[in-house]
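Quick note: to get our numbering, add 134 to the position in the sequence shown (first position is 1). Don't be surprised by glycine CBs; every beta carbon is placed ideally from N, CA and C. Treat the numbers as computed from the prediction; the structure is a model and nothing was measured. Each remark here refers to the structure printed beneath this line.
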Amino acid sequence: MPTVYQLNLIRRYFFFTVLAVFLILFSGNMLSYFLTKKVFVAPDSYTLKDGFPLFNNEEAYINFIKNYPYDPGVKLDIHKVSQYDTLWGIKKRYNLSIQTLIAANPHLKDLTLVPGSTIVIPHKNGTLLTFDNYFDVGRMADLLNAVKISGDYRPKILRLISPDDMRIAFFDDTYPVIVNNDIEKIYAYKMTFIDPLSTGFYTSMYGDRVNPFSGAGYEFHNGVDIAAPGGTPIRAARKGIVFFSGWRDGLGYTVAIQHDDGFMTLYSHCSRLHVKSGQWVEQNEKIALVGSTGRSTGSHLHYTIMRHGKTLNPLKFLW
135 MPTVYQLNLI RRYFFFTVLA VFLILFSGNM LSYFLTKKVF VAPDSYTLKD
185 GFPLFNNEEA YINFIKNYPY DPGVKLDIHK VSQYDTLWGI KKRYNLSIQT
235 LIAANPHLKD LTLVPGSTIV IPHKNGTLLT FDNYFDVGRM ADLLNAVKIS
285 GDYRPKILRL ISPDDMRIAF FDDTYPVIVN NDIEKIYAYK MTFIDPLSTG
335 FYTSMYGDRV NPFSGAGYEF HNGVDIAAPG GTPIRAARKG IVFFSGWRDG
385 LGYTVAIQHD DGFMTLYSHC SRLHVKSGQW VEQNEKIALV GSTGRSTGSH
435 LHYTIMRHGK TLNPLKFLW
């Protein structure tokens with residue numbers, strides 16, 4: 135058994151040890167607070183959604199990314215949008231999902247890029263998160279069921295008192311669950327539609343284009359053309375009732391499916407039809423095969439989305 139003198143000595147050493155550790159940590163945190171580069175974010179450059187900050191100002195966000203002094207968890211490119219850039223072109227070039235680009239650019243108001251604007255491009259798929267509270271990282275990880283979180287986002291022993299307004303974490307191989315209000319409606323629609331083909335590439339987009347048959351003059355293209363081998367299965371993008379199944383002049387063998395909320399999808403130039411008018415089909419059910427019937431330049435699917443009789447850009451639903 136230690137003597138009273140020894141116990142007092144132990145208490146004294148313990149007290150001074152704790153005091154020394156406290157002073158070292160306090161001094162280190164104070165030096166770090168005042169001497170290191172701070173991440174400052176103007177309060178009016180972002181809004182909170184479900185407690186998570188989403189930038190609404192492009193200039194402020196790009197400056198934040200450019201000057202971010204820590205490891206964000208993924209290589210980020212700052213890209214100036216050219217006249218011919220689209221999110222889908224960038225998606226293909228970098229082998230990314232549209233969801234990854236949306237998460238990395240919370241300031242986007244829609245999916246049409248504006249020439250001269252600037253976007254952030256991660257080098258791998260996942261969700262880029264800006265946060266102003268360390269515990270938000272854990273909250274987001276739960277929402278995303280994230281397995282891997284990358285980046286220098288954890289508090290360090292000598293930086294417990296953080297001078298930063300905001301930090302970044304990257305959740306590998308996830309899709310964002312929180313987007314700004316402008317994108318949210320489009321995002322929700324995407325979750326209700328699937329791609330009609332599992333393979334293929336775009337040969338003609340929605341909107342004005344040069345006449346593919348004469349090569350002269352412009353015509354309005356009311357859908358997208360997806361080139362694929364003949365016989366490739368075409369799937370229903372969403373459940374619904376087959377409104378039409380048969381031959382249409384110019385479009386060849388065509389299937390039209392009526393969906394909820396006034397939506398209709400059309401699948402044209404098919405080589406063979408697998409459904410009949412009045413038939414109920416489930417999402418992802420095979421309805422036809424890719425072909426080149428009607429007025430066609432080769433084996434492809436002409437895919438159209440309509441709502442209340444008005445055509446919409448299918449690329450807003452094909453991600």
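In the DSSP assignment, what residue or residues form a beta bridge with residue i?
i      : result
Ala422 : Ile368, Leu407
Ile253 : His213
Tyr437 : Val358, Tyr401
Ser338 : Asp359
Phe378 : Ala390
Arg343 : Glu353
Ile283 : Phe305
Gly260 : Asp306
Cβ atoms of residue j and residue i: under 8 Å apart, would you say?
i      : j      : result
Ile360 : His434 : yes
Ile389 : Ile439 : The residue asked about is misnamed: residue 389 is Val in this sequence, not Ile. No, they are not a contact pair.
Trp414 : Ser231 : no
Val313 : Lys258 : no
Leu423 : Ile368 : yes
Thr431 : Pro346 : yes
Tyr323 : Phe174 : no
Leu247 : Pro256 : no
Tyr202 : Ile302 : yes
Ser402 : Gly386 : yes
Gly260 : Thr234 : yes
Lys225 : Ile212 : no
Ile328 : Asn447 : no
Gly374 : His393 : yes
Val215 : Gly185 : no
What is the DSSP secondary structure of residue i, counted as helix, strand or coil?
i      : result
Thr234 : helix
Ala350 : coil
Ile224 : helix
Asp276 : helix
Ala322 : helix
Ile317 : helix
Lys444 : strand
Phe304 : strand
Gly386 : strand
Leu449 : helix
Phe485 : In the structure as shown, the chain starts at 135 and stops at 453, and residue 485 therefore has no counterpart that could be examined.
Val415 : strand
Leu292 : Any answer about Leu292 is weak, because its pLDDT of 41 lies below 50 and its placement is not dependable; what the coordinates show is given next. The answer is coil: DSSP assigns Leu292 none of H, G, I, E or B.
Gly432 : coil
Val454 : Residue 454 lies beyond the residue range present for the chain, which begins at 135 and ends at 453; the question has no answer from this structure.
Val311 : coil
At a cut-off of 7 Å, is residue i close to the ligand GDP when judged by its beta-carbon and the heavy atoms of the ligand?
i      : result
Asn418 : This structure lacks the ligand GDP, and indeed carries no ligand of any kind.
With distances taken from CA atoms, which of the options is nearest residue i?
i      : options                        : result
Val376 : His408, Gly351, Thr366         : His408
Asp286 : Met300, Arg273, Ala280         : Met300
Gly341 : Arg441, Pro330, Leu331, Phe354 : Phe354
Phe304 : Glu318, Phe335, Asp316, Asp270 : Asp270
Gly428 : Ala194, Ala238, Leu278, Arg382 : Arg382
Lys444 : Leu188, Gly425, Thr399         : Thr399
Ala280 : Val254, Arg288, Val311         : Val311
Which runs of the beta strand (DSSP E), 3 residues or longer, sit entirely within the region 171 to 216? Taken in chain order, the complete beta strand (DSSP E) segments of 3 residues or longer contained in the region 171 to 216 are 180 to 183, 186 to 189, 210 to 214.
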